[in-house]
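Numbering (the numbering used here), first residue to last: 432 to 836. These notes are about the structure you will find just below.
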């Protein structure tokens, strides 16, 4: 990974100053299905890095005289109901408006077939750039099909947030078309940061967290989606890295609360990373694993903040995590740093999260869109971004820990 981090805020500021915002073409195309409840994926940002990087070199922008009015962009979201994706959408709409670019948003409602049909319709009606938050994350067949559609039409495609290929297939899809790029995150990074955060917190508060006094911490894990690269790494490293900190500090490793669950996680079967799924799991868990039975779940690790919200709601119903200074708090950790999670942390109901930078992701996508609209190569002027060492058209937006401090 390249060492220089992008000053994404400067990039956006430059773009905004050169192009008067004119609120152009923000029409939402309805999907065929009802919205599924989902909160946050995926996927993956930073709370404080923008200020720290403000003096870095932003990508050069010499497109001030370029005519962007011919741009006709289709923006395809895996679902509007994902809290994190909703924040990206809000930020990206604002960036595209500021550039005067015509665009239309589409909601696939977690259905890949629906998204494919939406892409076909957009191409047939004159879209000359596709921005795709793919439904079927990490599936080469699904992403290659979209690339092939773009290639046949001779138009660029920018994937974002959700992986288009697995680690063992890295570059297969993104390297198959020269008008293709990806803006996302380095998937393991969030898991590593979350695991370190959890381990450090437990080392400082071990006896308080160990409610049954058995010298171990019993945990639950809420996984967002099977097969999703972000979910896989968050599930793995959130535990492994916490264990490394504990063992290094002379403490035993975490112990999964349900010995009969060999997976050591509970997954949202709909793949929606939803608060509802996590709330249902946690409510059921607490009916059997509680202080009265001397087997209380003492820690909850969540793949995203939406699931953390659901867990905290279930705990609140049992008198925990009320943030009133008197009730017991079961440590809950998430990923995304959504506004709701920040408020829970401020209220003392949640311990921490890992920020996935929605604004930074939107700014980078808008920069690539501006390149495309002004006739440049997608990756032109992106040297100062965090680019994959292995795939030259894959940009990483960094994560950062968030505890409200």
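Cβ coordinates follow ideal geometry from the N, Cα and C atoms, glycine included. Being a predicted model, the structure only gives us computed values, none of them experimental.
Quick one: Cα of residue 567 to Cα of residue 793, how far?
Position 136 of the chain shown, counted from the start, is the residue given in the question as residue 567. Position 362 of the chain shown, counted from the start, is the residue given in the question as residue 793. Rounded to the nearest angstrom, the two C-alpha atoms are 21 Å apart.
Does the segment 816 to 831 come into contact with the segment 613 to 620, if we say contact requires no fewer than three beta-carbon pairs (one atom in each stretch) closer than 8 Å?
Touching, per the Cβ criterion.
Presumed contact (8 Å Cβ cut-off) between residue 727 and residue 695, rounded CB distance:
In the chain shown, counting from the first residue as 1, residue 727 sits at position 296. In the chain shown, counting from the first residue as 1, residue 695 sits at position 264. Incorrect: roughly 18 Å between the Cβ atoms, too far for contact.
In whole angstroms, what separates the C-alpha of residue 685 from that of residue 577?
On the chain shown, position 254 is the one that residue 685 refers to. On the chain shown, position 146 is the one that residue 577 refers to. Answer to the nearest angstrom: the Cα atoms are 42 Å apart.
Could you please give the first and the last residue of the uninterrupted alpha helix (DSSP H) stretch that includes residue 683?
Residue mapping note: residue 683 aligns to position 252 of the chain shown, counting from 1. Looking at the DSSP string, residue 683 is not in any alpha helix (DSSP H), and its letter there is neither H nor E.
Of the residues 683, 583, 717, which one's Cα is nearest the Cα of residue 689?
Here residue 689 is taken as the residue at index 258 of the chain shown, counted from 1. Of the listed residues, the one whose Cα sits closest to residue 689 is 717.
Determine the DSSP secondary structure at residue 770, reduced to helix, strand or coil.
Stepping through the chain shown from its first residue, residue 770 is reached at position 339. Of the three classes helix, strand and coil, the one that applies to residue 770 here is helix, per DSSP.
Simplified DSSP state of residue 700, which is helix, strand or coil
Mapped onto the chain shown, residue 700 falls at position 269. In the structure shown, residue 700 sits in coil (DSSP, three-state: anything other than H, G, I, E or B).
Residue 637 vs residue 629 beta-carbon contact at 9 Å
Taking the first residue of the chain shown as 1, we reach residue 637 at position 206. Taking the first residue of the chain shown as 1, we reach residue 629 at position 198. Cβ distance not < 9 Å, so residue 637 and residue 629 don't count as in contact.
Span separating the alpha-carbon of residue 533 from that of residue 772:
As a position in the chain shown, residue 533 is number 102, starting the count at 1. As a position in the chain shown, residue 772 is number 341, starting the count at 1. Roughly 33 Å separates the two Cα atoms.
Note down the Cα distance separating residue 642 from residue 767, rounded to an integer number of angstroms.
Taking the chain shown and counting its residues from 1, the one referred to as residue 642 is at position 211. Taking the chain shown and counting its residues from 1, the one referred to as residue 767 is at position 336. Cα to Cα, the separation comes out at about 28 Å.
What do you reckon, are the CB atoms on residue 511 and residue 538 nearer than 9 Å?
The sequence position of residue 511 within the chain shown is 80, counting from 1. The sequence position of residue 538 within the chain shown is 107, counting from 1. Contact: yes.
Could you give the residue range of the beta strand (DSSP E) that holds residue 591?
For the purposes of this step, residue 591 is taken as residue 160 along the chain shown, with counting starting at 1. Where residue 591 is concerned, the enclosing beta strand (DSSP E) stretches over 588 to 591.
Run the CB neighbour count on residue 693, radius 10 Å, all protein chains shown included, and call it buried at 16 or more, exposed below.
Taking the chain shown and counting its residues from 1, one reaches residue 693 at position 262. Around the beta carbon of residue 693, fewer than 16 other beta carbons sit within 10 angstroms, so the residue counts as exposed.
Nearest residue (CA-CA) to residue 611, options 635, 624, 560
Residue 611 sits at position 180 when you count from the first residue of the chain shown. Taking only the C-alpha atoms, the option nearest residue 611 is 560.
Can at least three beta-carbon pairs, one atom from the segment 599 to 606 and one from the segment 582 to 589, be found at a separation below 8 Å?
no
Mind checking residue 661: buried by the 16 CB within 10 Å criterion, or exposed?
Taking the chain shown and counting its residues from 1, the one referred to as residue 661 is at position 230. Buried: at least 16 other Cβ atoms inside 10 Å.
How long is the line joining the alpha carbons of residue 846 and residue 658, rounded to whole angstroms?
A query on residue 846 cannot be resolved here, the shown segment of the chain reaching from 432 to 836 and no further.
Cβ-based burial, residue 672 [other Cβ within 10 Å; buried from 16]
What you label residue 672 is simply residue 241 of the chain shown in a count that begins at 1. Flag for residue 672 reads buried.
Check the DSSP bridge columns for residue 408 and list the partner residues they point to.
Residue 408 lies beyond the residue range present for the chain, which begins at 432 and ends at 836; the question has no answer from this structure.
Rounded C-beta distance between residue 565 and residue 595? I'm assuming under 8 Å.
Within the chain shown, the letter at position 134 stands for residue 565. Within the chain shown, the letter at position 164 stands for residue 595. That pair is a contact at about 6 Å.
Check residue 615 in the structure and name its three-state DSSP category.
Locating residue 615 in the chain shown gives position 184, counting from the first residue. In the structure shown, residue 615 falls within a strand segment according to DSSP collapsed to helix, strand and coil.
By the three-class DSSP mapping on this structure, what secondary structure does residue 730 have?
Here residue 730 refers to the residue found at position 299 of the chain shown. Residue 730 falls in the strand class under three-state DSSP.
Grouping DSSP H, G and I as helix and E and B as strand, with all else coil, what is residue 532?
Translated into the one-based positions of the chain shown, residue 532 becomes position 101. Residue state, collapsed to three classes: coil.
Minimum C-alpha distance to residue 609 - residue among 722, 778, 644, 807:
For the purposes of this step, residue 609 is taken as residue 178 along the chain shown, with counting starting at 1. When each option's Cα is compared against that of residue 609, the closest is 807.
Provide the residue span of the alpha helix (DSSP H) that contains residue 797, from first to last.
The sequence position of residue 797 within the chain shown is 366, counting from 1. First-last of the alpha helix (DSSP H) with residue 797: 789 to 804.
Exposed or buried, what is residue 683 when buried is set at 16 or more other beta-carbons lying within 10 Å of its beta-carbon?
Residue mapping note: residue 683 aligns to position 252 of the chain shown, counting from 1. Classification of residue 683: exposed, given that the 10 Å Cβ count is below 16.
Just how far apart, CA to CA, sit residue 456 and residue 535?
Within the chain shown, numbered from 1, the residue matching residue 456 stands at position 25. Within the chain shown, numbered from 1, the residue matching residue 535 stands at position 104. Because the pLDDT at residue 456 is just 48, under 50, the model does not fix this residue reliably, and the point stays unresolved.
Taking 9 Å as the threshold (C-beta atoms), are residue 591 and residue 822 in contact?
Against the chain shown, residue 822 aligns to sequence position 391. Against the chain shown, residue 591 aligns to sequence position 160. Not in contact: residue 822 and residue 591 (Cβ atoms no closer than 9 Å).
Mapping the DSSP letters down to three states, classify residue 712 as helix, strand or coil.
Taking the first residue of the chain shown as 1, we reach residue 712 at position 281. In this structure, residue 712 counts as helix in the three-state DSSP scheme.
Leaving out the 5 sequence neighbours to the left and right, which residues in its chain are closer than 7 Å to residue 835 when beta-carbon positions are compared?
Position 404 of the chain shown, counted from the first residue, corresponds to residue 835. Result list for residue 835: 773, 776, 777, in chain order.
Alpha carbon to alpha carbon, what distance is there between residue 809 and residue 569?
By 1-based counting over the chain shown, the position of residue 569 is 138. By 1-based counting over the chain shown, the position of residue 809 is 378. Straight-line Cα distance between these residues: approximately 22 Å.
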